[in-house]
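Trainee: Below: one structure in structure tokens.
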């Protein structure tokens, strides 16, 4: 599955091993390794987390 934010596409493969959240940054660890996704505000990061948890 892929997620687009501010014109950049982030590809995340199932299964997701862990999710780490720190204010505006989210790190997702999947079978390909860790990916840092920086957000500009908290609402965007919350929307992203909701999307991840639905998948």
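Numbering (my numbering), first residue to last: 4 to 58. Built from N, CA and C at the ideal position, the CB exists for glycine as well.
(1) Give me the Cα-Cα distance between residue 42 and residue 18, rounded to the nearest whole angstrom.
(2) Counting contacts by CB-CB distance shorter than 9 Å, is residue 55 in contact with chain B?
(3) When DSSP builds the beta bridges, which residues end up paired with residue 41?
(4) Below 8 Å on the Cβ atoms is my guess for residue 12 versus residue 22; work out the distance and round it to an integer in Å.
(5) Under a Cβ-count criterion, where at least 16 other Cβ atoms within 10 Å of its own Cβ denotes burial, should residue 48 be classed as buried or exposed?
Mentor: Concretely, from the data shown:
(1) One-based indexing of the chain shown puts residue 42 at position 39. One-based indexing of the chain shown puts residue 18 at position 15. So the alpha carbons of these two residues sit roughly 23 Å apart.
(2) Here chain B cannot be found, since the structure has a single protein chain.
(3) Within the chain shown, numbered from 1, the residue matching residue 41 stands at position 38. In DSSP, residue 41 forms a bridge with 28.
(4) Translated into the one-based positions of the chain shown, residue 12 becomes position 9. Translated into the one-based positions of the chain shown, residue 22 becomes position 19. That pair is no contact at about 18 Å.
(5) The residue you call residue 48 lines up with position 45 of the chain shown. Classification for residue 48: buried.
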